[in-house]
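Chemist: First, the structure itself, so that you have it in front of you.
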Amino acid sequence: MSRNKHNKQVASRKSTPAQLPNICIFQLGSSDTGEELPKHGVYLYSHSSSPYLLCVSLDKLLVIDSSDRELYAEYKATEDMFSSVIEYTGLILVGSVLGYVYSISLANFHCSPPIHVHDGSVIQLIAHPVENTWIASIGGDGYLKLINMQDDMSKFKRVHDRFLLQLKISGEASAMSFSPQGDWLLTSYDNGIRAWEIERKNLSKDKRFRKTAPPFSVQLYGSKFHQSTVERIVFIRDDVVASKDKIEQCVLLWKFDIDADVWRMSSNTIEHEPTLLYTVACDFSAFDYIRETSKLVVAMDKGVVRILPLLFDEEMESDSDVTVSVRFGTTQDLPGPDQPITGIYCLHNKILVGLANNCVVVYAN
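Under the working numbering, think of the first position of the sequence shown as 76, with each following residue one higher.
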């Protein structure tokens with residue numbers, strides 16, 4: 076991956092609506108090129124104190140200084156295409172169509188040699204919420220992989236040993252999410268959603284996962300559940316999940332209440348119908364969750380971003396069962412340009428919204 080550093084201005088600030096003094100609009104390239112953007116992690120900020128905005132298209136990663144809207148650095152994919160991007164402990168990790176993961180330092184924007192992870196495209200990367208050197212990746216080759224980024228991959232003679240966990244998924248994977256404690260990993264694919272138990276003590280550096288059987292998992296289904304491929308899935312808290320499929324114009328909030336200690340003893344295929352807590356209207360698949368303030372952010376028509384504060388009520392039914400219900404505080408609509416929304420990413424104190432015309436709208440949260 077090549078890097079160019081220069082001062083060419085690539086982003087222009089548009090007129091700002093009077094009711095939104097904290098909005099910025101960045102135009103990335105031509106608005107009429109029809110360029111397809113990556114599905115996961117199109118745009119992100121580095122740190123809350125950093126002025127840099129990082130934007131990814133299929134063939135390049137731009138580092139833009141948002142204070143003066145000038146290009147700080149540019150990385151071009153060499154005989155490869157980018158497919159996903161996340162921020163991770165001082166690094167930017169970029170997945171590619173050829174199955175590589177590139178690592179770029181936020182301190183000096185140096186790019187380390189890429190790691191080959193999948194035989195197909197890297198569909199999504201996510202960081203483990205507790206083990207700060209672990210990332211999970213799903214690929215077009217049908218595999219879910221858990222990687223310790225501190226491992227020296229050159230030391231492992233067998234490819235399988237490079238990964239803490241390597242699972243073959245039945246169907247084409249589309250999205251995933253860790254629970255806040257990192258004990259569960261949800262993966263969505265064309266056949267539904269599966270919850271995998273992540274036993275961290277068995278996946279440590281000195282105790283690599285060598286079992287012939289995969290970890291305990293549960294297939295989620297239901298007549299009131301998703302009937303098509305889930306394109307976005309996010310743990311709201313340990314017992315509540317938000318998800319959106321590609322057909323229904325709504326985000327489902329549902330209870331995650333799997334009792335692994337009881338169900339693990341069963342020799343049968345484990346299936347579970349989640350309890351639906353709430354249905355939130357949403358015009359596009361894009362949505363995200365602001366964990367610090369418990370707000371759900373969804374994409375509406377005409378570029379409108381809707382912010383819904385989530386309020387949870389709990390009632391103890393017995394010594395072990397807790398009933399969870401969801402209600403909403405006062406909603407807020409952030410009107411934007413009249414364009415379809417392709418992605419929403421809430422990071423630190425910013426809400427970044429990707430539009431179909433290759434624009435990024437930045438709101439101060």
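Beta carbons: idealized from backbone N, C-alpha and C, even for Gly.
Strictly by DSSP, which residues pair up with Ala-439?
Modeler: The residue you call residue 439 lines up with position 364 of the sequence shown. DSSP output for Ala-439 lists Lys-425 as bridge partner(s).
Chemist: Is there at least one Cβ from chain D nearer than 7 Å to Leu-427's Cβ?
Modeler: The chain labelled as chain D is not found in the depicted structure, where only one protein chain is given.
Chemist: For Pro-349, tell me which candidate among Leu-430, Phe-387, Ile-322 and Gly-267 has the shortest Cα-Cα distance.
Modeler: Sequence index remark: in the sequence shown, residue 349 carries index 274 (1-based). Nearest of Leu-430, Phe-387, Ile-322 and Gly-267 to Pro-349, Cα basis: Gly-267.
Chemist: From Phe-284 to Leu-240, what does the alpha carbon distance come to, in whole angstroms?
Modeler: Here residue 284 corresponds to residue number 209 of the sequence shown, with the count starting at 1. Here residue 240 corresponds to residue number 165 of the sequence shown, with the count starting at 1. Residue confidence for Phe-284 is low, a pLDDT of 49 falling below 50, so the modelled location carries little weight and cannot support an answer.
Chemist: Which residues mark the beginning and the end of the beta strand (DSSP E) in which Ser-388 is found?
Modeler: For the purposes of this step, residue 388 is identified with residue 313 of the sequence shown, where counting begins at 1. First, the residue type needs correcting, since residue 388 is Asp and not Ser in the sequence shown. 380-391 is the span of the beta strand (DSSP E), which, as asked, contains Asp-388.
Chemist: Please name the residue, chosen from Val-138, Lys-220 and Ser-187, that lies closest to Val-197 on a Cα-to-Cα basis.
Modeler: Taking the first residue of the sequence shown as position 1, residue 197 is located at position 122. Of Val-138, Lys-220 and Ser-187, the residue nearest in Cα terms is Lys-220.
Chemist: For Ala-361, which residues in the same chain have their Cβ closer than 6 Å to its Cβ, ignoring the five residues on either side in sequence?
Modeler: Numbered from 1 along the sequence shown, position 286 holds the residue referred to as residue 361. Only Ala-374, Ile-416, Gly-418 and Ile-419 meet the Cβ criterion.
Chemist: Which residue marks the beginning of the beta strand (DSSP E) containing Ala-374, and which one marks its end?
Modeler: Here the question's residue 374 lines up with position 299 in the sequence shown. Unbroken beta strand (DSSP E) run through Ala-374: 370-374.
Chemist: Are there 16 or more other CB atoms within 10 angstroms of the CB of Phe-331, so buried, or fewer, so exposed?
Modeler: Taking the first residue of the sequence shown as position 1, residue 331 is located at position 256. Result: buried.
Chemist: What would DSSP say about Asn-277, mapped onto helix, strand or coil?
Modeler: For the purposes of this step, residue 277 is taken as residue 202 along the sequence shown, with counting starting at 1. Helix.
Chemist: Report buried or exposed for Asn-432, applying the criterion of at least 16 other Cβ atoms within 10 angstroms of its Cβ.
Modeler: By 1-based counting over the sequence shown, the position of residue 432 is 357. So Asn-432 ends up on the buried side.
Chemist: Can you have a look at Gln-256 and say buried or exposed, based on whether 16 or more other CB atoms are within 10 angstroms of its CB?
Modeler: By 1-based counting over the sequence shown, the position of residue 256 is 181. Per the 10 Å Cβ criterion, exposed.
Chemist: Is Asp-336 helix, strand or coil when you go by DSSP?
Modeler: Within the sequence shown, the letter at position 261 stands for residue 336. Helix.
Chemist: Give a yes or no on whether the C-beta atoms belonging to Thr-406 and Leu-383 are separated by under 7 Å.
Modeler: By one-based count along the sequence shown, residue 406 stands at place 331. By one-based count along the sequence shown, residue 383 stands at place 308. In contact: Thr-406 and Leu-383 (Cβ atoms closer than 7 Å).
Chemist: Taking 7 Å as the limit between beta carbons, can you name the residues of its chain near Tyr-296, skipping five residues before and five after?
Modeler: Translated into the one-based positions of the sequence shown, residue 296 becomes position 221. Counting only Cβ-Cβ distances below 7 Å, and skipping sequence neighbours, we find Gly-267, Glu-346 and Glu-348.
Chemist: For Ser-254, I'd like the list of residues in its chain whose CB is within less than 6 Å of its CB, leaving aside the five on either flank, ordered along the chain.
Modeler: Translated into the one-based positions of the sequence shown, residue 254 becomes position 179. If we look at Ser-254 and ignore the five residues flanking it on each side, its Cβ neighbours are Phe-310 and Asp-313.
Chemist: Short of 6 Å in beta carbon distance, which residues of its chain neighbour Gln-414, apart from the five on each side in sequence? Order them along the chain.
Modeler: For the purposes of this step, residue 414 is taken as the residue at position 339 of the sequence shown. Cβ neighbours of Gln-414 beyond the five flanking positions: Gly-378, Leu-430, Ala-431 and Asn-432.
Chemist: So, using beta-carbon positions, are Arg-307 and Ala-250 closer together than 7 Å?
Modeler: As a first step, residue 307 must be located in the sequence shown, where it is residue number 232. As a first step, residue 250 must be located in the sequence shown, where it is residue number 175. Cβ atoms of Arg-307 and Ala-250: closer than 7 Å.
Chemist: Applying the criterion that 16 or more other CB atoms from any shown protein chain within 10 Å of the CB defines a buried residue, is Asp-320 buried or exposed?
Modeler: The residue you call residue 320 lines up with position 245 of the sequence shown. Buried is the call here.
Chemist: My output table needs one value for Lys-321: the three-state DSSP class, helix, strand or coil.
Modeler: Along the sequence shown, read from residue 1 onward, the residue named residue 321 stands at position 246. Residue state, collapsed to three classes: coil.
Chemist: Quick check on the burial criterion: 16 or more other C-beta atoms within 10 angstroms. Buried or exposed for Ser-199?
Modeler: Residue mapping note: residue 199 aligns to position 124 of the sequence shown, counting from 1. The sequence shown places Gln at residue 199, not Ser. Classification of Gln-199: buried, given that the 10 Å Cβ count is 16 or more.
Chemist: So the candidates are Leu-166, Phe-184, Ser-187 and Glu-247; which of them puts its Cα closest to the Cα of Ile-213?
Modeler: For this step, residue 213 is matched to residue 138 along the sequence shown. It is Glu-247.
Chemist: Name the two residues that bound the continuous beta strand (DSSP E) containing Tyr-264.
Modeler: In the sequence shown, residue 264 corresponds to position 189, counting from 1. 259-264 is the extent of the beta strand (DSSP E) around Tyr-264.
Chemist: Tell me whether Phe-403 is buried or exposed, calling it buried when 16 or more other Cβ atoms sit within 10 Å of its Cβ.
Modeler: By 1-based counting over the sequence shown, the position of residue 403 is 328. Exposed.
Chemist: Could you please give the first and the last residue of the uninterrupted beta strand (DSSP E) stretch that includes Gly-267?
Modeler: If you number the sequence shown from 1, residue 267 lands on position 192. From DSSP, the beta strand (DSSP E) with Gly-267 extends over 267-272.
Chemist: For Lys-425, count neighbouring C-beta atoms within 10 Å of its own C-beta (all shown protein chains included) and say buried if the count is 16 or more, exposed if not.
Modeler: Taking the sequence shown and counting its residues from 1, one reaches residue 425 at position 350. Answer is buried; the Cβ neighbour count reaches 16.
Chemist: To the nearest angstrom, report how far apart Gln-225 and Val-176 are at their CA atoms.
Modeler: Here residue 225 refers to the residue found at position 150 when the sequence shown is read from its first residue. Here residue 176 refers to the residue found at position 101 when the sequence shown is read from its first residue. Between Gln-225 and Val-176, the C-alpha separation is close to 14 Å.
Chemist: For the beta strand (DSSP E) containing Glu-154, name the first residue and the last one.
Modeler: Sequence index remark: in the sequence shown, residue 154 carries index 79 (1-based). Here Glu-154 belongs to no beta strand (DSSP E), and DSSP marks it neither H nor E.
Chemist: Compute the beta-carbon to beta-carbon distance between Tyr-163 and Ala-202, rounded to the nearest angstrom, for a pair I have assumed lies under 8 Å.
Modeler: By 1-based counting over the sequence shown, the position of residue 163 is 88. By 1-based counting over the sequence shown, the position of residue 202 is 127. About 5 Å; that satisfies the 8 Å criterion.
Chemist: Leaving out the 5 sequence neighbours to the left and right, which residues in its chain are closer than 7 Å to Met-156 when beta-carbon positions are compared?
Modeler: Taking the first residue of the sequence shown as position 1, residue 156 is located at position 81. Answer for Met-156: Leu-133, Asp-134, Ser-171 and Val-172, listed in chain order.
Chemist: Spell out the partners DSSP gives Ala-250 in its beta bridges.
Modeler: Taking the first residue of the sequence shown as position 1, residue 250 is located at position 175. In the DSSP output, where bridge partners are listed per residue, Ala-250 has Ser-263.
Chemist: Expressed to the nearest angstrom, what Euclidean distance is found between the alpha-carbon atoms of Leu-327 and Lys-299?
Modeler: If you number the sequence shown from 1, residue 327 lands on position 252. If you number the sequence shown from 1, residue 299 lands on position 224. Cα-Cα distance, rounded: 10 Å.
Chemist: For the beta strand (DSSP E) that contains Ile-244, what are its first and last residues?
Modeler: By one-based count along the sequence shown, residue 244 stands at place 169. No beta strand (DSSP E) holds Ile-244; DSSP gives it neither H nor E.
Chemist: How far does the beta strand (DSSP E) with Gln-294 in it extend, from its first residue to its last?
Modeler: Locating residue 294 in the sequence shown gives position 219, where the first residue counts as 1. It spans 292-295 - the beta strand (DSSP E) in which Gln-294 sits, taken as one unbroken run.
Chemist: What is the DSSP secondary structure of Lys-366, reduced to helix, strand or coil?
Modeler: Position 291 of the sequence shown holds residue 366. Position check: residue 366 holds Arg in this sequence, whereas Lys was assumed. Arg-366 falls in the coil class under three-state DSSP.
Chemist: Quick test of your reading: Glu-149 and Leu-137, contact by CB under 8 Å. State the CB separation rounded to the nearest angstrom.
Modeler: Translated into the one-based positions of the sequence shown, residue 149 becomes position 74. Translated into the one-based positions of the sequence shown, residue 137 becomes position 62. So it is a contact: roughly 6 Å between Cβ atoms.
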